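Asker: Just passing along the structure, written as structure tokens.
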Amino acid sequence: MPNPVNSPTTPETPATASASARQAGLLVKIETDRRLGHEWDEWDGKPLPNAGDFRTTTGKYFLFTAVGLAGMVAVGAVGIYLLSPRLAQLASWLPRALYIADVMFAAAGALWLALIGLSYATDRALLPGRFAERGLLLKTLRLSSRVGEVFGVQRDWTDNAAVTVYERLAWAREWRVRANELLILIPRCLSRAALDGVMDIAKRYDVATFVATRGAYARQAIRERRPKAVVAVACERDMVSGLRDVAGRLPVLGLTMQLPNGPCKDASLDLVKMEAFVRKYLK
Ligand code: SF4
Numbered sequence: 001m002p003n004p005v006n007s008p009t010t011p012e013t014p015a016t017a018s019a020s021a022r023q024a025g026l027l028v029k030i031e032t033d034r035r036l037g038h039e040w041d042e043w044d045g046k047p048l049p050n051a052g053d054f055r056t057t058t059g060k061y062f063l064f065t066a067v068g069l070a071g072m073v074a075v076g077a078v079g080i081y082l083l084s085p086r087l088a089q090l091a092s093w094l095p096r097a098l099y100i101a102d103v104m105f106a107a108a109g110a111l112w113l114a115l116i117g118l119s120y121a122t123d124r125a126l127l128p129g130r131f132a133e134r135g136l137l138l139k140t141l142r143l144s145s146r147v148g149e150v151f152g153v154q155r156d157w158t159d160n161a162a163v164t165v166y167e168r169l170a171w172a173r174e175w176r177v178r179a180n181e182l183l184i185l186i187p188r189c190l191s192r193a194a195l196d197g198v199m200d201i202a203k204r205y206d207v208a209t210f211v212a213t214r215g216a217y218a219r220q221a222i223r224e225r226r227p228k229a230v231v232a233v234a235c236e237r238d239m240v241s242g243l244r245d246v247a248g249r250l251p252v253l254g255l256t257m258q259l260p261n262g263p264c265k266d267a268s269l270d271l272v273k274m275e276a277f278v279r280k281y282l283k
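Residues 1 to 283, numbered by this note's numbering, are exactly what the sequence shown covers, in order.
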């Protein structure tokens, strides 16, 4: 039987427990009404593009990250140019040194992105984790989606592309844990069918599952249970936030969902992929 995990409750939240969850020994709290996560505060109530399925090619992540890094280099160069008279008063060599540093940053950024692209294309972890999906890559997640928004691309598309790149790199590393060292994190917005599917997987592999009603509770569950690896399910927005918070500290495989009825309600997911993620981590 999976280890029981209690999900924190909020007093105003009506909750029900699914039959399969009870069978699996899990205490699950599910809202029956839509309550938007803060990531969706600005949602206008209209149907989401492509029926909430933001699966896309990874080109958006690479393109917008490259543009973002180039923009940082350009802003740096303009700043140095505008300040160079003052800088030269401090030390005559200072503007030149800063220009060189700016060029080195550009070269390092281009090389890094090329190596991430090569890792992605070859399915091989070419960089140490802290220079890839457990470090530098996490710092570019927001950059790419912000740049995408400047070009009119809704962040969910870019976030999906970024999570796909992250996931490929995380998959390329070997990391095995026992069932009681793995934690499955799922959101409160899954459809009944999706929830039952996840619970079935959790039961078959004897893995604890935590239904996170908020990102803070997910982090709390990780602090308390101290898993050695996590399989997390969330929408693209929540996934990017969660990865930035957690993936630097422990191995995480993240699975994004589809939102056919809008955010925070009746989400569906690829259960075959979910099971593959669980199996990937188990000894
Ligand atoms: S994971 Fe679900 S509940 Fe959380 S913000 Fe995304 S859509 Fe809303």
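Quick reminder that beta carbons are idealized off the backbone N, C-alpha and C, glycines included.
For clarity, every value in this text was computed on a predicted model and none was experimentally measured.
Helix, strand or coil: how does DSSP classify R260 here?
Answerer: For the purposes of this step, residue 260 is taken as the residue at position 260 of the sequence shown. The question names Arg, yet the displayed sequence has Pro at residue 260. Here P260 sits in coil by DSSP.
Asker: Starting from P85, trace the alpha helix (DSSP H) both ways and give me its first and last residue.
Answerer: Indexing the sequence shown from 1 puts residue 85 at position 85. Start and end: 59 to 90.
Asker: If G262 sits next to D238, beta carbons under 8 Å apart, how far is it from one beta carbon to the other, in whole angstroms?
Answerer: By 1-based counting over the sequence shown, the position of residue 262 is 262. By 1-based counting over the sequence shown, the position of residue 238 is 238. 15 Å between Cβ atoms; not a contact.
Asker: Taking all protein chains shown into account, decide if D156 is buried (16 or more other Cβ within 10 angstroms of its Cβ) or exposed.
Answerer: Taking the sequence shown and counting its residues from 1, one reaches residue 156 at position 156. With 16 or more other Cβ atoms within 10 Å, it is buried.
Asker: On a Cα-Cα basis, can you pick out the residue from R142, E174, E275, V278 that is closest to D245?
Answerer: Here residue 245 is taken as the residue at index 245 of the sequence shown, counted from 1. Comparing Cα positions, the closest option is R142.
Asker: Could you compute how far the alpha carbon of G71 sits from the alpha carbon of A125?
Answerer: As a position in the sequence shown, residue 71 is number 71, starting the count at 1. As a position in the sequence shown, residue 125 is number 125, starting the count at 1. Roughly 27 Å between the two C-alpha positions.
Asker: When you get a sec, list the residues whose CB is within less than 5 Å of any heavy atom of the ligand SF4, chain order please.
Answerer: G37, E39, P187, C189, A234, C235, D238, P263, C264
Asker: Taking all protein chains shown into account, decide if Q23 is buried (16 or more other Cβ within 10 angstroms of its Cβ) or exposed.
Answerer: Translated into the one-based positions of the sequence shown, residue 23 becomes position 23. Its pLDDT being 46, under 50, Q23 is placed unreliably in this model, and the value from its coordinates should be taken loosely. Exposed, because fewer than 16 other Cβ atoms sit within 10 Å of the Cβ of Q23.
Asker: Within 8 Å, do at least three Cβ pairs link the stretch 110 to 130 to the stretch 195 to 211?
Answerer: no
Asker: What do you reckon, are the CB atoms on A229 and W175 nearer than 8 Å?
Answerer: If you number the sequence shown from 1, residue 229 lands on position 229. If you number the sequence shown from 1, residue 175 lands on position 175. Contact flag set, yes.
Asker: Count the C-beta pairs between the stretch 177 to 185 and the stretch 100 to 107 that are closer than 8 Å, then say yes if the count reaches three, no if not.
Answerer: Touching, no.
Asker: Can you pull the DSSP bridge partners for V165?
Answerer: Counting from 1 along the sequence shown, the entry for residue 165 is found at position 165. Per DSSP, none; premise fails for V165.
Asker: Give the straight-line distance between the Cα atoms of A108 and K46, rounded to the nearest whole angstrom.
Answerer: Residue mapping note: residue 108 aligns to position 108 of the sequence shown, counting from 1. Residue mapping note: residue 46 aligns to position 46 of the sequence shown, counting from 1. Cα to Cα, the separation comes out at about 42 Å.
Asker: Return the CA-CA distance between P227 and G76, expressed in angstroms with no decimal places.
Answerer: Here residue 227 is taken as the residue at index 227 of the sequence shown, counted from 1. Here residue 76 is taken as the residue at index 76 of the sequence shown, counted from 1. Whole-angstrom Cα-Cα distance: 41 Å.
Asker: Who are the Cβ neighbours of E12 in its own chain at under 7 Å, not counting the five residues just before and after it?
Answerer: In the sequence shown, residue 12 corresponds to position 12, counting from 1. Residue confidence is low: E12 scores 35 on pLDDT, short of 50, so the model does not pin down where it sits. Its coordinate-derived value is still stated next. In its chain, beyond the 5 residues on either side, no residue has a beta carbon closer than 7 Å to the beta carbon of E12.
Asker: Can you give me the start and stop residues for the beta strand (DSSP E) that L136 sits inside?
Answerer: The residue labelled residue 136 in the question sits at position 136 within the sequence shown. Run containing L136: none in the beta strand (DSSP E); it sits in the alpha helix (DSSP H), 136 to 150.
Asker: Please list, in chain order, all residues of the same chain as T164 whose beta carbon is under 6 Å from its beta carbon, the five residues on each side excluded.
Answerer: Along the sequence shown, one-based indexing puts residue 164 at 164. Correct list, in chain order: T58.
Asker: Report the partner residues of A267 according to the DSSP bridge assignment.
Answerer: Taking the sequence shown and counting its residues from 1, the one referred to as residue 267 is at position 267. Beta-bridge pairing links A267 to L190.
Asker: Three-state secondary structure (DSSP) at L255?
Answerer: Taking the first residue of the sequence shown as 1, we reach residue 255 at position 255. L255 falls in the strand class under three-state DSSP.
Asker: Roughly how many angstroms lie between the CA atoms of A232 and S84, to the nearest whole one?
Answerer: Position 232 of the sequence shown, counted from the start, is the residue given in the question as residue 232. Position 84 of the sequence shown, counted from the start, is the residue given in the question as residue 84. Each residue's alpha carbon lies about 48 Å from the other.
Asker: Determine the direct distance from the alpha carbon of Y81 to that of W93, and round the result to whole angstroms.
Answerer: Position 93 of the sequence shown, counted from the start, is the residue given in the question as residue 93. Position 81 of the sequence shown, counted from the start, is the residue given in the question as residue 81. The straight-line gap from Cα to Cα measures roughly 13 Å.
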